[in-house]
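>
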Amino acid sequence: MALLQISEPGMSTAPHQHRLAVGIDLGTTNSLVASVQSGLARVLDDERGRALLPSVVRYLADGGVSVGYEAQARQSEDPQNTIVSVKRFMGRGLKDLDKSSIPYRLLDEPGMVKLKTVQGVKSPVEVSAEILRLLRGRAEHALGGELVGAVITVPAYFDDAQRQATKDAARLAGLNVLRLLNEPTAAAIAYGLDHGVEGIYAVYDLGGGTFDISILRLSKGVFEVLATNGDSALGGDDFDQRVFCWVLEEAKLPPLNPRDTRLLLSKAREAKEYLTDHPEAHITAVLSSGDIVDLRLGLDDFNRLTQGLLNKTLAPTRKALRDAGLEAEEVQGVVMVGGATRMPCIRHAVAEFFGQTPLTNLDPDKVVALGAAMQADVLAGNKQTGDDWLLLDVIPLSLGLEVMGGLTEKIVPRNSTIPVARAQEFTTFKDGQTAMGFHVVQGERELVADCRSLARFELRGIPPMVAGAARIRVTFQVDADGLLSVSAREQASGVEAAVAVKPSYGLSDAEIANMLSDAHAHATDDLKARALNEQRVEAQSLLAALQAALALDGEQLLAAEERGAIETGMEALRRLSEGSDHLAIRAQVEALNRLTTPFAQRRMDRNVRRALAGQKVDSLGI
Amino acid sequence: MTPDFSADHFALFGLAAAFRMDGTALDRAWRELQAQVHPDRYAHAGEAEKRLSMQWATRVNEAYQTLKEPLRRADYLLQKRGIHALGERQTALPADFLMQQMEWREALHEAQQVRDAHAIEQLRRALKREAAGLTDLLARQLDEERAWDAAADTVRKLRFVQKLAEDVNLALAGLEEDD
Ligand SMILES: Nc1ncnc2c1ncn2[C@@H]1O[C@H](COP(=O)(O)OP(=O)(O)OP(=O)(O)O)[C@@H](O)[C@H]1O
Ligand SMILES: [Mg+2]
Chain A
52 MALLQISEPG MSTAPHQHRL AVGIDLGTTN SLVASVQSGL ARVLDDERGR ALLPSVVRYL
112 ADGGVSVGYE AQARQSEDPQ NTIVSVKRFM GRGLKDLDKS SIPYRLLDEP GMVKLKTVQG
172 VKSPVEVSAE ILRLLRGRAE HALGGELVGA VITVPAYFDD AQRQATKDAA RLAGLNVLRL
232 LNEPTAAAIA YGLDHGVEGI YAVYDLGGGT FDISILRLSK GVFEVLATNG DSALGGDDFD
292 QRVFCWVLEE AKLPPLNPRD TRLLLSKARE AKEYLTDHPE AHITAVLSSG DIVDLRLGLD
352 DFNRLTQGLL NKTLAPTRKA LRDAGLEAEE VQGVVMVGGA TRMPCIRHAV AEFFGQTPLT
412 NLDPDKVVAL GAAMQADVLA GNKQTGDDWL LLDVIPLSLG LEVMGGLTEK IVPRNSTIPV
472 ARAQEFTTFK DGQTAMGFHV VQGERELVAD CRSLARFELR GIPPMVAGAA RIRVTFQVDA
532 DGLLSVSARE QASGVEAAVA VKPSYGLSDA EIANMLSDAH AHATDDLKAR ALNEQRVEAQ
592 SLLAALQAAL ALDGEQLLAA EERGAIETGM EALRRLSEGS DHLAIRAQVE ALNRLTTPFA
652 QRRMDRNVRR ALAGQKVDSL GI
Chain B
-1 MTPDFSADHF ALFGLAAAFR MDGTALDRAW RELQAQVHPD RYAHAGEAEK RLSMQWATRV
59 NEAYQTLKEP LRRADYLLQK RGIHALGERQ TALPADFLMQ QMEWREALHE AQQVRDAHAI
119 EQLRRALKRE AAGLTDLLAR QLDEERAWDA AADTVRKLRF VQKLAEDVNL ALAGLEEDD
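Line order of the protein sequences matches chains A and B. Mind the numbering: the first sequence is residues 52 to 673 in the numbering used here, read in order. Mind the numbering: the second sequence is residues -1 to 177 in the numbering used here, read in order.
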């Protein structure tokens, strides 16, 4: 596709300094890591040539952890310590889950469930971090060096809690998160760049545990998400679950133990996958009681069992189109992503809905990881200016506050392009009121009880005034990862309170540090060496960025003495990073950031002016 | 230190401050600007630039949203003249307009009761036409007649109509969900 011409945004790095960056698709069922090498995105295989890593983590009694195929093979043998589809638990409380076929010992912890294993209590964040750590190792081995960062994909319909949990997991795995990227958007990048298409496209992504539908406009090097919708608890797993329930009923089985539950779920999944290419499947199993299950499942029966699930994907699809202000006929192509879109019933339903054959010429398992790798390559600064693209994504669910009567007041509407900030004023309702509580929620429903609770915080120290006199301005800021932070400020007195919306479910930095030092038997990372290393990487990247900026604009935008001061600061940082005092490096990085803020500002202003100048020339039709 | 965001939304995009607007030009200017300031461009830069980039990108999106939507654009133009059309103190709208609103609300309510998707769809179309009419009127009032107070009334009417249209959409979505 024709790419947008961009004069000189950010700083381009010299071509020889290729920075190692990866894209990771952290899937419910399968995870992958991909990277761009010599201009080509490719998935990095394991030592046996396999691209997919089953998202299965087994905690062993001897303190070891096994991840992937081996863990998957043992799942019915050791069901309570072998965690499958952990993504379904990310940022979720016990009450959010359907417990009927979960063979784990779940603990109802505030914010997020935890799992009781032979190695103690594990949070879904820790379990996910095991998967990410393995993929990080695979990538470092394959690419032959340390990664500068990773793009981690998340379902577009993930809410703030689920996104934050994912980011925490990546940090816990020692990854620098360049960006959280929505899975369907990643797929659109891979598809759009490969096929050079322009126009309105829909991405229908049905994976193992999540469903997303995104509507995008692709034009001249810009990927613009118009609307997104979905169901973060709907996927191939649910089709397995329907078959599983059918087996229980047909074979008139009593409630099963965890081992048999796991066994029959696996059999159900095999049957479902077999039915993609065959008219019928046989389900046979020997239960721990010695009883034998032997059933025949026809494709028609399967379609009847799962019809309801199919409709559950079409309702969000309609909503997304409506939010985008489009009719189904206006969509030029429908890109199919996710292993579950191999099912013929899904393909038929999508074809009928959009009145066209969906695009299935991509590998539905790999396209998300490949798109993430391409985006990571751009974010790491490996792309030449003019060769890159712009991504404009949205938040999937409205963000708001609880107001009187348990109602929600929407502050940032769903499908707002990020980054976005919105403010709203509130006032006190009692004379002399000096504190005000805020409850931040996410969702479309009117009642707070039906939305997801993200955080509670309080603004204290409001000067006593009559009711209704205080002016409290609450600001919501959503960053490019789709993560929210909220602050409140009393306008007259300037009293302030701010929260990164984390406490009710996320991990604090201290908790992450604790977990990191909680020495896993197999983790050799020494915390201090690690901190030093992180600071050095940070310093290097800042120095490289400044170097490039000075070369480009130092002459034009800085007075001689300003430039001199910056160069002195850089020299100091260079010297410090050769030493081993990570705190001193940190301090100098911060000092240099402060020192260069005016320079950064001038560069930014100049870039903005340039964009406008280009615009005027364009609109004259020259 | 925060950057100077004082520029007017229209000026930010290099557009004339008028209600009638070339939507394509706005879209293009928005993308050009985001191409310069978006955080993805600064993911490998220092903290100072990362922060500035987020502030700028947020600012550019805010301006874009305001100008893109006719209702918000009209409100913004009036605010620049010190008129807060959607503020707390408002003059009452004409009785016939309010009557029409009530009739539409009733129609929606009835159609919902009997789950008549067709009737709701018709209502959706009617509201779309009504909104288009009000938008045309706003263009005349703001760009030609410079009749600010009348335009403020039209802005309020348009908000009524849009709120109802949202409820109609919710009702349609509700029917689909129960299918
Ligand atoms: N041939 C097939 N027929 C039917 N379903 C299949 C087939 N192959 C894979 N699947 C299903 O696809 C799902 C896994 O898809 P995928 O690997 O895309 O999910 P994921 O990326 O791990 O999950 P998510 O994106 O929801 O987090 C599983 O439910 C699996 O059973
Ligand atoms: Mg997936």
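For every residue, glycine included, the Cβ atom is placed at its ideal position computed from N, Cα and C.
I'd like to know whether the C-beta of M(-1) (chain B) is nearer than 7 angstroms to at least one C-beta of chain A.
As a working note, residue -1 (chain B) is residue 1 in the second sequence. Residue placement at M(-1) (chain B) is flagged as unreliable, the pLDDT there being 40, under the threshold of 50; a coordinate-derived value is accordingly withheld.
> Report the option in A:G142, A:V108, A:G200 whose CA atom is closest to the CA atom of V84 (chain A).
Mapped onto the first sequence, residue 84 (chain A) falls at position 33. Of the listed residues, the one whose Cα sits closest to V84 (chain A) is A:G200.
> Just the C-alpha distance for A6 (chain A) and S106 (chain A), rounded to the nearest angstrom, thanks.
The displayed coordinates of chain A run from 52 to 673. Any statement about residue 6 (chain A) would go beyond what the structure contains.
> Start and end of the beta strand (DSSP E) containing E209 (chain A)?
Within the first sequence, residue 209 (chain A) is the residue found at index 158, counting from 1. Sequence inspection shows Phe at residue 209 (chain A); the Glu mentioned does not correspond to that position. That residue, F209 (chain A), is in no beta strand (DSSP E); it is neither H nor E in DSSP.
> In the DSSP assignment, find the unbroken beta strand (DSSP E) run with Y49 (chain A) in it and report its ends.
Chain A is shown only over 52 to 673; residue 49 (chain A) falls outside these bounds and no answer can be derived.
> Starting from G432 (chain A), find everything on chain B with Cβ-Cβ shorter than 7 angstroms and list it in chain order.
The sequence position of residue 432 (chain A) within the first sequence is 381, counting from 1. Those within 7 angstroms of G432 (chain A) in chain B are H42.
> Is G281 (chain A) a contact residue of ligand 2, with contact defined as CB to any heavy atom under 6 angstroms?
If you number the first sequence from 1, residue 281 (chain A) lands on position 230. No, Cβ of G281 (chain A) sits at least 6 angstroms from all heavy atoms of ligand 2.
> Against chain A, does R144 (chain B) count as a neighbour if the rule is that its beta carbon must be under 7 angstroms from one of theirs?
Along the second sequence, read from residue 1 onward, the residue named residue 144 (chain B) stands at position 146. Taking Cβ atoms only, chain A never reaches closer than 7 angstroms to R144 (chain B), which makes this a no.
> Name, please, each residue of chain B whose Cβ falls closer than 7 angstroms to the Cβ of S592 (chain A).
Locating residue 592 (chain A) in the first sequence gives position 541, counting from the first residue. One finds H42 in chain B with Cβ atoms closer than 7 angstroms to the Cβ of S592 (chain A), taken in chain order.
> Beta-carbon of M52 (chain B) versus every beta-carbon of chain A: anything under 7 angstroms?
Within the second sequence, the letter at position 54 stands for residue 52 (chain B). So yes, M52 (chain B) belongs to the interface.
> Would you say P37 (chain B) reaches chain A, if we count a Cβ-Cβ gap shorter than 7 angstroms as a contact?
Looking up residue 37 (chain B) in the second sequence gives position 39. Answer yes: the Cβ-Cβ gap between P37 (chain B) and chain A drops below 7 angstroms somewhere.
> Looking at G200 (chain A) and ligand 2, is the gap between the Cβ and the nearest heavy atom below 6 angstroms?
As a working mapping, residue 200 (chain A) is identified with position 149 in the first sequence. No - ligand 2 has no heavy atom lying nearer than 6 angstroms to the Cβ of G200 (chain A).
> Does ligand 1 have a heavy atom nearer than 6 angstroms to the CB of R393 (chain A)?
Residue 393 (chain A) sits at position 342 when you count from the first residue of the first sequence. Yes.
> Under 9 angstroms, CB to CB, which of the residues in the segment 465 to 484 of chain A have a partner in chain B?
S467, T468, I469, P470, V471, A472, R473
> What number of angstroms, rounded off, separates the C-alpha of R465 (chain A) from the C-alpha of P68 (chain B)?
Reading the first sequence from its first residue, position 414 is the one you call residue 465 (chain A). Reading the second sequence from its first residue, position 70 is the one you call residue 68 (chain B). Going from the Cα of R465 (chain A) to the Cα of P68 (chain B) covers about 19 angstroms.
> Run through chain B and tell me which residues come within less than 9 angstroms of L442 (chain A), C-beta to C-beta.
Locating residue 442 (chain A) in the first sequence gives position 391, where the first residue counts as 1. The contacting residues are H36, D38.
> Rounded to whole angstroms, how far is the Cβ of V640 (chain A) from the Cβ of E589 (chain A), which I believe are closer than 8 angstroms?
On the first sequence, residue 640 (chain A) is found 589 positions in, with the first residue counted as 1. On the first sequence, residue 589 (chain A) is found 538 positions in, with the first residue counted as 1. So it is a contact: roughly 6 angstroms between Cβ atoms.
> Is D147 (chain B) helix, strand or coil by DSSP?
In the second sequence, the residue the question calls residue 147 (chain B) occupies position 149. Here D147 (chain B) sits in helix by DSSP.
> Give me the Cα-Cα distance between L77 (chain A) and K461 (chain A), rounded to the nearest whole angstrom.
What you label residue 77 (chain A) is simply residue 26 of the first sequence in a count that begins at 1. What you label residue 461 (chain A) is simply residue 410 of the first sequence in a count that begins at 1. Distance between the alpha carbons of L77 (chain A) and K461 (chain A): 31 angstroms.
> Using a cut-off of 8 angstroms between C-beta atoms, extract the partners of T56 (chain B) located in chain A.
Residue mapping note: residue 56 (chain B) aligns to position 58 of the second sequence, counting from 1. What T56 (chain B) touches in chain A: P470, V471, A472, Q528.
> Closer than 8 angstroms by C-beta to G349 (chain A): which residues in its own chain qualify, once you throw out the five before and the five after it? Chain order, please.
Mapped onto the first sequence, residue 349 (chain A) falls at position 298. So the list reads P330, E331, once near-sequence residues are dropped.
> Quick check on the DSSP output: the alpha helix (DSSP H) that includes G422 (chain A) runs from which residue to which?
The residue given as residue 422 (chain A) occupies position 371 in the first sequence. Residues 418 to 430.
> Going by beta-carbon coordinates alone, are A33 (chain B) and F11 (chain B) separated by less than 7 angstroms?
Along the second sequence, read from residue 1 onward, the residue named residue 33 (chain B) stands at position 35. Along the second sequence, read from residue 1 onward, the residue named residue 11 (chain B) stands at position 13. Not closer than 7 angstroms, so no.
> Among the candidates A:A212, A:L103, A:L441, whose CA atom is the shortest distance from the CA of G389 (chain A)?
If you number the first sequence from 1, residue 389 (chain A) lands on position 338. If we check each option's Cα against that of G389 (chain A), A:L103 comes out closest.
> Classify I343 (chain A): buried if its beta carbon has 16 or more other beta carbons within 10 angstroms, exposed otherwise.
Position 292 of the first sequence, counted from the start, is the residue given in the question as residue 343 (chain A). Exposed, by the Cβ-count rule.
> So the candidates are A:S89, A:V108, A:Y120; which of them puts its Cα closest to the Cα of D97 (chain A)?
As a working mapping, residue 97 (chain A) is identified with position 46 in the first sequence. Closest option to D97 (chain A), Cα to Cα, is A:Y120.
> Against chain A, with Cβ distances strictly below 7 angstroms, would L127 (chain B) count as a contact?
Here residue 127 (chain B) corresponds to residue number 129 of the second sequence, with the count starting at 1. A small correction: the amino acid at residue 127 (chain B) is Arg; Leu does not occupy that position in the sequence shown. Judged by the 7 angstroms Cβ criterion, R127 (chain B) is not in contact with chain A.
> For S265 (chain A), which residues in the same chain have their Cβ closer than 6 angstroms to its Cβ, ignoring the five residues on either side in sequence?
Counting from 1 along the first sequence, the entry for residue 265 (chain A) is found at position 214. Contacts found: A207, P235, V254, V276, T279.
> Roughly how far, in whole angstroms, is the beta-carbon of D428 (chain A) from the beta-carbon of A124 (chain A), given that I think they are within contact range, below 8 angstroms?
The count along the first sequence starts at 1 and reaches residue 428 (chain A) at position 377. The count along the first sequence starts at 1 and reaches residue 124 (chain A) at position 73. Contact doesn't hold; Cβ gap of about 35 angstroms is too wide.
> With respect to the alpha helix (DSSP H) encompassing L19 (chain A), which residues constitute its N-terminal and C-terminal limits?
Because chain A spans 52 through 673 in this model, residue 19 (chain A) falls outside it and cannot be assessed.
> Since T411 (chain A) is in the alpha helix (DSSP H), which residue starts that stretch and which ends it?
By 1-based counting over the first sequence, the position of residue 411 (chain A) is 360. Unbroken run through T411 (chain A): none, as it is neither H nor E.
> What first and last residue would you give for the alpha helix (DSSP H) that runs through A626 (chain A)?
Looking up residue 626 (chain A) in the first sequence gives position 575. Reading off the sequence, residue 626 (chain A) comes out as Arg, not Ala. Segment 611 to 629, the alpha helix (DSSP H) holding R626 (chain A).
> Apart from the five residues just before and just after L186 (chain A), which ones in its own chain have a Cβ nearer than 7 angstroms to its Cβ?
The sequence position of residue 186 (chain A) within the first sequence is 135, counting from 1. Counting only Cβ-Cβ distances below 7 angstroms, and skipping sequence neighbours, we find I75, S82, V84, L104.
> Would DSSP call H633 (chain A) helix, strand or coil?
The residue labelled residue 633 (chain A) in the question sits at position 582 within the first sequence. Here H633 (chain A) sits in helix by DSSP.
> Please report the straight-line C-alpha distance between L458 (chain A) and I134 (chain A), rounded to a whole angstrom.
The sequence position of residue 458 (chain A) within the first sequence is 407, counting from 1. The sequence position of residue 134 (chain A) within the first sequence is 83, counting from 1. Looking at the two C-alpha atoms, the distance is approximately 37 angstroms.
> Around the Cβ of H67 (chain A), are there at least 16 other Cβ atoms within 10 angstroms (buried) or fewer (exposed)?
Position 16 of the first sequence, counted from the start, is the residue given in the question as residue 67 (chain A). Because the pLDDT at H67 (chain A) is just 47, under 50, the model does not fix this residue reliably, and the point stays unresolved.
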